[in-house]
Amino acid sequence: MSVLTDLIYGGSNAVAGLTEGAVKDAIAKYGPDHPVAFPDTAYYFPTIYAATGVKVKTLGDLPACVEVLKSLITGQEDLGQALNAGLATAVGAEIIEGLKWAAGGDPYAQDSGIGFVPDPVIRSLGVPLVTGDIPGVAVVLGKAEDPADVVKVVKDYQSKGLLTFLVGDVIEQCLEGGVKAGLEYRVVPLGHDVTSVIHVVTVAIRAALIFGNVQPGDLAGLLEYTKKRVPAFVNTFGPIDAVVVSAGAGAIALGFPVVVDIDLGSEQVPGALESVCDHSQTVAKSLELREIKIKVTELPIPVAFAAAFEGEIIRKADMHNECWSSKNPTAELVVMRELSEVEDHKITIIGPDLDQAKDLALVTFVEVAGKKMQVDFESVIERKFHAWFNYMEGVMHTGQRNQVRVRVSNAAFDAGLRIRDFAEVLYVMVKNEFDAVVDKCQVTIITDPAQAETFRDQMAMPRYTQRDDRLASMTDESVDRYYTCILCQSFAPAHCCVVTPERLGLCGAVSWLDAKATNELDPNGPCQPIFKEGCIDERTGRFESVDKMVKEATHGAVEKVTLYSILEDPMTSCGCFECICGIEPMSNGFIVVNREYKGMTPAGMTFGELASCTGGGVQTPGYMGHGRHFISSKKFIAAEGGIERIVWMPKELKDDVGERLNATAQALYGIENFTDYVADETITTDCEELLNWLTEKGHPVLAMEPLM
Ligand code: SF4
Ligand code: ZN
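Okay, so the sequence shown: first residue is 0 according to numbering that gives the first Met the number 0, each after it adds one.
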């Protein structure tokens, strides 16, 4: 037998033995009826559920899983069989990790790793993964002989925007080496036991269930999905034992190449298992094996510039400068000009620099010109400022328009970052990302308070008002076309969003204007116009042209779709929706739940459980994913009676959309303060209590036609 298969079987058998023992011990201690579950997931023990369809709920469900696991370890001298044994190791690792939750509490509370990754986090990763904003997922495992090597590799992945999971001693090595860690930095410590690697494996597996509509029990479909659509790979550092090798075999079975830093000689499996002993080559080789392409942006600034720094928080103690609308005038504005009016790459700074004042005013004014530029794209470009500022390491940006707050860290200042660098970033990024419409771009930054105030009041504010008026007048009726968006098809192959002025994409990131701009920038890209033709049903919003385009875009998977109904041919959901709306039968109403809400709902399900009822590009009447902004739209479930049907929302969501929701309810039905009739978790999460409360309040839904 080859050394490799020998090691795999050795590791798998060892894990099988450990798993069997651990299950027996747990049952002896707690009894077979004791519940066991990972936190905040609707997919039970995800590996077992996806591979076999078995829903593990109690300890008593586990012995049968152990038998399945053992049956996967055939001991035959065959690479395919050995890879199956690797899957057995994955199942074993899942059980061993899952048992850590049997005692109650958070077993990872004392660990520097996070352990299990909850469903909502996976959903939130959907859009950055499909847009290539996160180009890949790296799993870095083990203990580097020289810590500096792993630090360099991980920082390199971070600067390229990859999402990196750390397992084992590399966690401390990276933290001590100054790697900024946390989901917001795209470097996520998982745990120290090698079994904790399962927590990234189940991310890939749940992606298949959430986005890919892979059916539980369809092992072949699962493996094909992860291989084709999850751009992950593994790097091990330091010596590897049999257990690591068999876990690696599991990764390879899922389609994730493994790069080790010891010399495997003839035991290498080209494309799947390769040795790279020179760490300066690890990153390049890994990306090549997984065919991950990185967009590089060369910027002449003294700090790093990468999407991985988007979530960086700069606290007061680390802060060198602040530009904040509460202290000084701020404004951000993009204006379209004639070609002759713009001098390309002209940069003008008016006022003090970061070394001359601590608190500054900040006007960021970008003038663009181009033959294909349209006034409508001004706001699309302007909205990107937020991300671009945040991509600079040591810069934090919140807000937009005249309500902006920018902080610069001491470290960034010491590195030499100055106002001019902001301007350079804006210039390069506008020209990069909007090259199809912007031929010339000039940037003016004003930090002088008096001049900033004049600019804000006389130049920016009137422009914002103009835009708002245009947006408000833009309805589904007032335009001649809608747009498809199929970006999420890389994860949800049968999914297509139809984006209209009054209904943004369900991820919340694609408005009608965005879709229009995307189409202009990339005419053969993910957003295609649907000319509004052949209205079949005005009430539900069904059009011949929409049906036709959606059918084409989904390769026949979806034949009919309505724009305004949740019960009749509703739009499909991919999985990365911001909110889910679901039927609440007792009251004849609907509840709306946002991804961030962790508690129970009157439907008897959490967000994750509700969300698992839909997704994968499937139509599920009664349930629908959608963007936050859609809730206050006049078109929200209009076919079923509209927002008057909303009976319950988490408080945070209600507060967030309340003002706009109330305005819509006032305009549509003449109801004052509609949100006063909508319950939340501080009122009840029980459906009977909800009905009593609604009755007491006189919620309008109680007078409406039954839904079914
Ligand atoms: Fe995905 Fe729809 Fe958002 Fe496009 S609009 S990125 S398809 S969720
Ligand atoms: Zn999506």
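Built from N, CA and C at the ideal position, the CB exists for glycine as well.
Quantities reported herein were computed from a predicted structural model and do not represent experimental measurements.
Residues that DSSP places opposite residue i in a beta bridge
i, result
"aspartate 354", "Answer is none; aspartate 354 lacks a bridge partner."
"valine 700", "Beta-bridge pairing links valine 700 to no other residue."
"leucine 165", "Val139 and Pro188"
"alanine 368", "Lys439"
"isoleucine 445", "Ile349 and Val362"
"histidine 396", "Val405"
"proline 34", "Thr57"
"histidine 625", "Cys578"
"glutamate 583", "Gly588"
"glutamate 331", "Thr363"
"phenylalanine 530", "Arg480"
"threonine 499", "Arg502"
"isoleucine 670", "DSSP, once it has assigned bridges, lists no residue as partnering isoleucine 670."
"arginine 541", "Asp536"
"threonine 235", "Leu140 and Val259"
"tryptophan 323", "Arg404"
"alanine 678", "Trp647"
Alpha carbon of residue i to alpha carbon of residue j, nearest angstrom
i, j, result
"tyrosine 622", "glutamate 608", "12 angstroms"
"alanine 283", "glycine 79", "27 angstroms"
"valine 478", "lysine 633", "16 angstroms"
"phenylalanine 606", "glutamate 432", "35 angstroms"
"valine 129", "glycine 504", "14 angstroms"
"proline 712", "leucine 298", "Lying outside 0 to 707, the shown extent of the chain, residue 712 is not represented and no answer is given."
"threonine 483", "valine 509", "10 angstroms"
"leucine 58", "glutamate 671", "52 angstroms"
"threonine 235", "glycine 141", "6 angstroms"
"leucine 359", "valine 442", "18 angstroms"
"cysteine 440", "valine 149", "40 angstroms"
"tryptophan 647", "glutamate 639", "16 angstroms"
"histidine 628", "threonine 499", "12 angstroms"
"aspartate 24", "aspartate 77", "34 angstroms"
"glycine 177", "glutamate 171", "10 angstroms"
"tryptophan 323", "alanine 147", "38 angstroms"
"aspartate 60", "leucine 82", "25 angstroms"
"aspartate 468", "tyrosine 426", "28 angstroms"
"alanine 248", "alanine 102", "30 angstroms"
"phenylalanine 232", "threonine 613", "29 angstroms"
"alanine 471", "valine 139", "49 angstroms"
"proline 301", "isoleucine 418", "12 angstroms"
"glutamine 402", "isoleucine 445", "15 angstroms"
"glutamine 665", "lysine 154", "52 angstroms"
"isoleucine 565", "isoleucine 642", "12 angstroms"
"arginine 400", "leucine 512", "17 angstroms"
The ligand ZN heavy atom lying under 7 angstroms from the CB of residue i
i, result
"valine 509", "no"
"cysteine 573", "yes"
"alanine 491", "yes"
"glycine 616", "no"
"proline 126", "A small fix is needed here, since residue 126 is valine in this sequence, not proline. Valine 126 Cβ: within cutoff of the ligand ZN."
The ligand SF4 heavy atom lying under 7 angstroms from the CB of residue i
i, result
"isoleucine 485", "yes"
"valine 549", "no"
"leucine 505", "yes"
"valine 498", "yes"
"valine 129", "yes"
"histidine 717", "Since the first and last residues shown for the chain are 0 and 707, residue 717 lies out of range."
"histidine 494", "yes"
When you compare the stretch 91-98 with the stretch 191-198, are there three or more beta-carbon pairs, one atom per stretch, that lie closer than 8 angstroms? The stretch 91-98 makes contact with the stretch 191-198; the number of CB pairs closer than 8 angstroms reaches 3 or more.
Stretch pair the stretch 65-72 + the stretch 11-25: three plus CB contacts closer than 8 angstroms: Between the stretch 65-72 and the stretch 11-25, the count of Cβ pairs shorter than 8 angstroms is three or higher; the stretches touch.
The stretch 325-344 / the stretch 378-391 touching (three or more Cβ pairs under 8 angstroms): The answer is yes - the stretch 378-391 touches the stretch 325-344, with three or more Cβ pairs under 8 angstroms.
Assess contact between the stretch 588-598 and the stretch 182-189, defined as three or more Cβ pairs (one per stretch) separated by less than 8 angstroms. Is contact present? Output reads no: the stretch 182-189 does not touch the stretch 588-598.
Quick test of the definition: if touching needs 3 or more C-beta pairs under 8 angstroms, does the stretch 148-159 touch the stretch 299-313? Below 8 angstroms, enough C-beta pairs join the stretch 148-159 and the stretch 299-313 to call them touching: three or more.
Tell me, please, whether the stretch 268-288 touches the stretch 379-397 by the rule of three or more beta-carbon pairs shorter than 8 angstroms. No: fewer than three Cβ pairs fall under 8 angstroms.
Is it a yes or a no for the stretch 231-247 touching the stretch 259-269, going by three-plus beta-carbon pairs under 8 angstroms? Judged by Cβ distances under 8 angstroms, the stretch 231-247 makes contact with the stretch 259-269, as three or more pairs qualify.
Is the stretch 360-370 touching the stretch 451-469, taking contact as three or more C-beta pairs under 8 angstroms? Taking 8 angstroms as the limit for Cβ pairs, the verdict is that the stretch 451-469 does touch the stretch 360-370.
Flag this pair as touching only if the stretch 487-501 and the stretch 555-575 have three or more C-beta atom pairs under 8 angstroms; answer yes or no. The stretch 487-501, when compared against the stretch 555-575, does touch it at the 8 angstroms Cβ threshold.
Quick one: any contact between the stretch 203-211 and the stretch 107-127, if contact means 3 or more CB pairs under 8 angstroms? Because the criterion of three Cβ pairs below 8 angstroms is met, the stretch 203-211 and the stretch 107-127 touch.
With three or more C-beta pairs closer than 8 angstroms as the rule, is the stretch 415-424 touching the stretch 342-357? A contact exists between the stretch 342-357 and the stretch 415-424.
Is the number of C-beta pairs between the stretch 644-658 and the stretch 682-699 that are closer than 8 angstroms three or more? Because the criterion of three Cβ pairs below 8 angstroms is met, the stretch 644-658 and the stretch 682-699 touch.
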